[in-house]
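Residue numbers (my numbering), protein chains in the order written: chain A, 19 to 322; chain B, 19 to 322. Cβ atoms here follow ideal geometry from the backbone N, Cα and C, with glycine treated the same way. Here the structure is a predicted model, which means the values were calculated and not measured. Worksheet for the structure shown next.
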């Protein structure tokens, strides 16, 4: 058992940002390689409009491949009830529903008001099989590219509405822009955990765009969070910002937690090999530090 | 008054790592530009063997230029009593003496045993003018490139020996390799602050090589530390590791602290202009994220 649970979101959040279509076999190979490093939770793909995100048009095949890996908890992201239905039909049992606290961001992301998305959530919960699990990803939980800083009370109000309808299995608060600072991460989690004791699982989704991916993850850890999203090789970059990095790199989190004596269940050296493979994908925008640092091999990694 | 004190070490730790000699006038221009952003503490240069570090052969001129900037606290690094004498003769009143906890690192850095360096410290304290201030930089306080992890008790023992001789004005614990994790930063500072209440000022010197520059700084902040070294544009890179980043970037720390409502006294936008200039120096190895993120301008930095 690991002391911290890292959810590898590269196959969804990462691949989605890559322009050139990655062959399905290559995606499956990476998924299997990640599994071999010890990864046991993955955001495998997203059921979305093929026209909007052609890179993820192979969602059913990817889900099928993920389900063959024994003990792998493969979640898939769905933005609407219609896509949730598609995912469930394809065999998905762990859904991730995404909505934004920011009206403007939600509109731009899923062409719905936040209230409409909350209704979609209720509809999806009604169609979820008995054995199914639902995670909610709260986008712009701290900060919005359009509206700037969001106050904890705005995010708590959206959570209140969602939880009032139906209790999800897990809630992830997402720093969509990478602009949150550790004090804000701490403040929101502390309040949310206190206000909603019925939520069993809380997760934090960090971006490293402003260099605070690990610092914010540490702040969430200190607030009691034990589930963290991360993307192998830091794959993610924002399509609107060439050169800007996206998700915090999985290898950076594994490095930090293992160094703190917190077991992640993931073999860092094996993960670095996958990270180098992923970083070599045409069109990949990568981030993180540990990959480069370990590549130099100047320093014997004697941490004992 | 700022709530956090950032010591800009780019002109010493950063420049020292740059191969091509930076003209003295350019160094002075950067120093003045940093001052104009609000920087009030700087590690201006180092008095070292010109043969060993030709880049810093202009130490006396740099010190003279720094002293012309009203209210700027310009410290200079000295590795030996002989160089301290040179610095004092040149007018230096704020010295930084560096020694390593690790015998092997100290030998490789200054060709002396740690015990010999402690004797040098005593000799320097005797020659320090009444108005002078002494900072001690404890290199490899957490981790050594040769010996790996160093236990807090090893570092505390060296501190005990130094403080037993004479109380310095300030002590900086330095993560020389960038491999320390936040738990270790916290553990050592908590113990050091408790054990040596006579030390008025403690500082932390972070490297970002493994992506933990901001996370470790946050850990030290949470342990009560209020003085942090950082290098503009993350200038620093290790000469033995092309591509590996060095010091945590000043702009990343300013971004983090200001976002936390902690005033640094430094104007971020003005600093970013200097950071871009520094990053353009031939041979510069840079780091940090905020410089790239802000260059994209995709996100209106509305943080209010």
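Quick one: what's residue i bridged to in DSSP?
i, result
"residue 187 of chain A", "The partner list for residue 187 of chain A (beta bridge, DSSP) is empty, contrary to what the question assumes."
"residue 151 of chain A", "A/112"
"residue 64 of chain A", "A/95"
"residue 225 of chain B", "B/265"
"residue 117 of chain B", "B/156"
"residue 219 of chain B", "B/188"
"residue 23 of chain B", "B/245"
"residue 161 of chain A", "A/167"
"residue 59 of chain B", "B/91"
With a 10 Å radius around its C-beta and 16 neighbouring C-beta atoms as the bar for buried, classify residue i as buried or exposed.
i, result
"residue 4 of chain B", "Past the boundaries of the shown model lies residue 4 of chain B; chain B is included only from 19 to 322, so the question cannot be answered."
"residue 168 of chain A", "buried"
"residue 97 of chain A", "buried"
"residue 102 of chain B", "buried"
"residue 43 of chain A", "exposed"
"residue 126 of chain A", "exposed"
"residue 120 of chain A", "buried"
"residue 133 of chain B", "exposed"
"residue 279 of chain A", "exposed"
"residue 241 of chain B", "buried"
"residue 183 of chain A", "exposed"
"residue 30 of chain B", "buried"
"residue 86 of chain A", "exposed"
"residue 34 of chain B", "buried"
"residue 88 of chain A", "exposed"
"residue 317 of chain B", "Summary for residue 317 of chain B: the model assigns pLDDT 44, below 50, so the residue's position carries little reliability, and this model does not support an answer."
"residue 99 of chain B", "buried"
"residue 268 of chain B", "buried"
"residue 227 of chain A", "buried"
Pick helix, strand or coil for residue i, following the three-state DSSP scheme.
i, result
"residue 29 of chain A", "helix"
"residue 193 of chain B", "coil"
"residue 230 of chain B", "coil"
"residue 246 of chain A", "strand"
"residue 130 of chain B", "coil"
"residue 306 of chain A", "coil"
"residue 284 of chain A", "coil"
"residue 198 of chain B", "coil"
"residue 76 of chain A", "coil"
"residue 214 of chain B", "coil"
"residue 182 of chain B", "helix"
"residue 44 of chain A", "helix"
"residue 271 of chain A", "helix"
"residue 70 of chain A", "coil"
"residue 81 of chain B", "helix"
"residue 36 of chain B", "coil"
"residue 291 of chain A", "helix"
"residue 252 of chain A", "helix"
"residue 298 of chain A", "coil"
"residue 146 of chain A", "coil"
"residue 312 of chain A", "helix"
"residue 125 of chain B", "helix"
"residue 277 of chain A", "helix"
For the ligand NAD, is there a heavy atom less than 7 Å away from the beta-carbon of residue i?
i, result
"residue 169 of chain A", "The ligand NAD is absent from the structure shown, which contains no ligand whatsoever."
Touching by the beta-carbon criterion (3+ pairs, under 8 Å), the segment 155-164 of chain B and the segment 198-210 of chain B: Taking one beta carbon from each stretch, the segment 155-164 of chain B and the segment 198-210 of chain B have 3 or more pairs nearer than 8 Å; the two touch.
Contact list for the segment 294-310 of chain B against chain A, Cβ threshold 9 Å: Under the 9 Å Cβ criterion, the segment 294-310 of chain B contributes 305, 306, 307, 308 and 310.
Interface positions of the segment 225-236 of chain B facing chain A (Cβ-Cβ less than 8 Å), listed along the chain: Those would be 226, 227, 228, 229, 230, 231, 232, 233, 235 and 236, in chain order.
The segment 205-215 of chain B contacting the segment 276-292 of chain B, beta-carbon criterion three pairs below 8 Å: Result no; under three Cβ-Cβ pairs closer than 8 Å.
Residues within the segment 199-211 of chain B neighbouring chain A, beta-carbon criterion of under 8 Å: Taken in chain order, the members of the segment 199-211 of chain B whose beta-carbon sits within less than 8 Å of a beta-carbon on chain A are 199, 200, 201 and 202.
Sufficient close CB pairs (3 or more, under 8 Å) joining the segment 77-85 of chain B to the segment 137-149 of chain B: Two segments are said to touch when three or more pairs of C-beta atoms, one from each, lie closer than 8 Å; by this definition the segment 77-85 of chain B does not touch the segment 137-149 of chain B.
Touch test, the segment 60-80 of chain B against the segment 299-310 of chain B, Cβ-Cβ under 8 Å, three pairs minimum: With a cut-off of 8 Å on Cβ pairs, the segment 60-80 of chain B is not in contact with the segment 299-310 of chain B, counting fewer than three such pairs.
The segment 295-302 of chain A touching the segment 217-232 of chain B, judged by at least three CB pairs closer than 8 Å: Result no; under three Cβ-Cβ pairs closer than 8 Å.
The segment 184-192 of chain A touching the segment 232-248 of chain B, judged by at least three CB pairs closer than 8 Å: Flag = no, the segment 184-192 of chain A and the segment 232-248 of chain B do not touch.
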